[in-house]
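For the sequence shown, full-length UniProt numbering gives the first residue as 1, with consecutive numbering after it. Note that CB positions come from ideal geometry on N, CA and C, so glycine has one too.
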Amino acid sequence: MITFAGMSLPVTDLGRSVPFYESLGFTTEIQNGRFVLLRLDSATLGLLELGAVVSQEAGRLRQFVQVELLADDLDELYADFVARGVPVSGPPRDRGFERQLQLRDPDGFTVEFADRSPR
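This is how it looks when you write it as structure tokens:
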């Protein structure tokens, strides 16, 4: 059996990125210099601070990198994000094959919440 454990992203500034992901429900598990390991449920998200190089080098690939999460109630999640000032792109939308809500992290990577309910 194989289980997905997590992924890592390069970030410009941990001081911006860590609070952003914590506002989505992640908790900080390890902080070691320029690296922070965040946890959400059984998976992890590593953030490696690389400074300005992220803007210079990751810009071309940013549109292809997406953190994908599941949520029980996208409308409730959206209302909570708006109330707390979490920058969302807009309300949940139906894409035909899934209902989803998207936002961008401080470095421009997409964070997508999909409806946990099967279609």
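- Beta-bridge annotation (DSSP): Phe-113 is paired with Leu-69 and Leu-101.
- In the DSSP assignment, Phe-81 falls within the unbroken alpha helix (DSSP H) covering 74–84.
- In the pairwise beta carbon analysis, the region 70–80 is classified as not touching the region 30–40: fewer than three pairs are separated by under 8 angstroms.
- Here Glu-68 is not near Val-11, since their CB atoms are 7 angstroms or more apart.
- In chain order, Gln-66, Glu-68, Gln-100 and Gln-102 place their CB closer than 6 angstroms to the CB of Glu-112, counting only its own chain and leaving out the 5 sequence neighbours on each side.
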